[in-house]
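Notes follow once the structure below has been shown.
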Amino acid sequence: MELILAAIVGGVIVLIGIKFAPKKPIFKLLLKMFLVVKDYLLSVIGENLEKFKDLFAESKAEYEKEKKAEEEVHMD
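In structure tokens, the structure reads:
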């Protein structure tokens, strides 16, 4: 979702830069702003992905533990 948002923001910045700011320095500034936004969003995505992986691993471990306990009960 964040990547899509970054692409949309970047596209808007580029279109505004091309249409309203034909001067090279202003266009370069707009491109730098896009890169900053993109880097920020990618770092947020990375952090959230790590949190999701940790949560998934914890959930899987709990599930496996419960499944093993159920199998031991049924074997008795």
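Counting in the numbering used here, the sequence shown runs from 12 upward without gaps.
By construction, the Cβ of each residue, glycine as well, lies at the ideal position given by its N, Cα and C atoms.
Residue i, buried or exposed, once every other Cβ within 10 Å from all chains shown has been counted against 16
i: Phe45; result: buried
Nonlocal neighbours in the same chain, by C-beta distance under 6 Å from residue i, ignoring five residues either side
i: Val20; result: Val48
Beta carbon of residue i nearer than 9 Å to that of residue j
i: Val25; j: Leu53; result: no
Rounded straight-line distance, which links the Cα of residue j to that of residue i
i: Glu83; j: Tyr51; result: 48 Å
i: Lys35; j: Glu75; result: 59 Å
i: Lys79; j: Lys71; result: 12 Å
i: Glu81; j: Glu73; result: 12 Å
i: Leu40; j: Glu69; result: 44 Å
i: Glu58; j: Met86; result: 42 Å
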